[in-house]
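S.K.:
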Amino acid sequence: MSGLADVEGRVAVVTGGASGIGRGIAEALVAAGARVVIADVEPGPLEAAAAEIGALAVRTDVRLGDDVQALAERVLAEYGRVDIVVNNAGVGHLAPFDQLGLEDFRWVLDVNLWGVIHGVKTFLPLIEKTSDAGWIVNTASMAGLFNAPGMAAYAASKAAVVALTETVAQELAQARSRVGISVLVPGLVRTAIADSERNRPGGRRTAPPQLDQIPPGRTLEPAAVGRLVVDGLTRGDLYLVTHPEMLPVVHDRHARIEAAFGSAGSEKE
Ligand code: NAD
Numbered sequence: 645m646s647g648l649a650d651v652e653g654r655v656a657v658v659t660g661g662a663s664g665i666g667r668g669i670a671e672a673l674v675a676a677g678a679r680v681v682i683a684d685v686e687p688g689p690l691e692a693a694a695a696e697i698g699a700l701a702v703r704t705d706v707r708l709g710d711d712v713q714a715l716a717e718r719v720l721a722e723y724g725r726v727d728i729v730v731n732n733a734g735v736g737h738l739a740p741f742d743q744l745g746l747e748d749f750r751w752v753l754d755v756n757l758w759g760v761i762h763g764v765k766t767f768l769p770l771i772e773k774t775s776d777a778g779w780i781v782n783t784a785s786m787a788g789l790f791n792a793p794g795m796a797a798y799a800a801s802k803a804a805v806v807a808l809t810e811t812v813a814q815e816l817a818q819a820r821s822r823v824g825i826s827v828l829v830p831g832l833v834r835t836a837i838a839d840s841e842r843n844r845p846g847g848r849r850t851a852p853p854q855l856d857q858i859p860p861g862r863t864l865e866p867a868a869v870g871r872l873v874v875d876g877l878t879r880g881d882l883y884l885v886t887h888p889e890m891l892p893v894v895h896d897r898h899a900r901i902e903a904a905f906g907s908a909g910s911e912k913e
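Heads up, the sequence shown is in my numbering, so the first residue is 645 and it goes up one at a time.
1. Check each candidate in N791, E841, G745 and G709 and name the one with the smallest Cα separation from P892.
2. On a Cα-Cα basis, can you pick out the residue from V680, G788, L738 and T863 that is closest to A695?
3. Check the DSSP bridge columns for L746 and list the partner residues they point to.
4. Is G846 buried or exposed, if buried means 16 or more other CB atoms sit within 10 Å of its CB?
5. Can you name the residues that DSSP bridges to T659?
6. Rank A701, V764 and G778 by C-alpha distance to the C-alpha of S663 and give the top, closest one.
7. Starting from I665, trace the alpha helix (DSSP H) in both directions and tell me its first and last residue.
8. Inspect the beta-carbon positions of R726 and I761 and report whether they are closer than 7 Å.
9. Is R718 near the ligand NAD - that is, is its Cβ less than 6 Å away from at least one heavy atom of it?
10. Where does E902 land, buried or exposed, given buried means 16+ other C-beta within 10 angstroms?
11. Return helix, strand or coil for N599, following the three-state DSSP convention.
12. If you drop the 5 nearest sequence neighbours on each side, which residues of the same chain put their C-beta closer than 7 Å to that of E671?
13. What do you reckon, is the C-beta of V827 under 6 Å from a heavy atom of the ligand NAD?
14. Going by DSSP in three states, D881 sits in which element: helix, strand or coil?
15. Using only alpha-carbon positions, find the residue among S646, D650 and V735 that is nearest to L666.
16. Looking only at C-alpha atoms, which of G653, E652, A649 and G668 sits nearest to R834?
17. Measure the Cβ-Cβ separation of T774 and Q713 and say whether it is below 7 Å.
18. Find out if the Cβ-Cβ distance for the pair A813, K802 is shorter than 7 Å.
19. Hey, could you find the ends of the beta strand (DSSP E) R844 is sitting in?
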């Protein structure tokens, strides 16, 4: 599908927009001339970021469908339309599987996967109704394309976001929708994700997780990711990749899957 030709004048919503990648995307959208709403669960940084970048702040917990619905109503009340939605809010919690409790899985999946489900479910029909053309970006992670020890909850949530986005992209193309969709798959970006526990419902449970289990790579600044996202949705790319040097890791996984297909059925009569 061809991309969103013009960002100028469009109304954009960015969840998790108070910090890190979301803030970088919000800034890039403002720079491209969009009117931007940032939605976040952390009130202080949300208000501060909105004032600094010239966005509207709407406190939202993406785990809650009603909160995302209220966000949409606020956006429509303010601007009468919505064109671009970036479902970006997310948390990281890395630990070996035997140290991940059910409540860890629930929190990570509630924010990272259900936040995206709520965002797409709520906003896709509204973009189709109020915009002549629109775009959705879902933030997954390189961890949605490969995995490593310590990433069971996080990688499960991000692989699901990749799968959801790929599926919806095919459905939108089939329906010849005016709305397109992309999945952002960042490698390491300099953000506050290692301290995701600051936003954990009920307060911190553990010390900030160790990020040294993630394969090393270049650490990007959020502003660079923001520019890459705006360029990518303008081109209409399904996959928005920040770290091309990580291709060998993804390729290794694909090669192992392909090898399994190669040997499958070898014992058939
Ligand atoms: P960050 O902690 O700097 O920003 C995340 C934002 O999400 C924060 O402002 C936080 O308040 C908000 N948030 C958390 N829970 C929320 C909730 N329930 N409802 C609404 N907002 C909530 O981290 P970041 O790295 O910028 O993370 C943004 C996205 O990028 C996440 O989805 C993350 O998984 C993804 N990502 C990050 C990296 C990286 O290296 N930083 C790599 C790949 C993917």
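All residues carry an ideal CB built from backbone N, CA and C; glycine is no exception.
These figures come from a predicted structure and were not determined experimentally.
M.R.: With the given structure in hand:
1. N791
2. V680
3. L746 is not bridged to any residue.
4. exposed
5. A683
6. A701
7. G664 to A675
8. The question names Arg, but residue 726 is Val in the sequence shown. Result no, Cβ atoms of V726 and I761 do not sit closer than 7 Å.
9. no
10. exposed
11. Beyond the ends of the chain as shown, which are 645 and 913, falls residue 599; an answer cannot be given.
12. I697, A867 and G870
13. no
14. coil
15. It should be pointed out that residue 666 corresponds to Gly in this sequence rather than to Leu. When each option's Cα is compared against that of G666, the closest is V735.
16. G668
17. no
18. no
19. No beta strand (DSSP E) holds R844; DSSP gives it neither H nor E.
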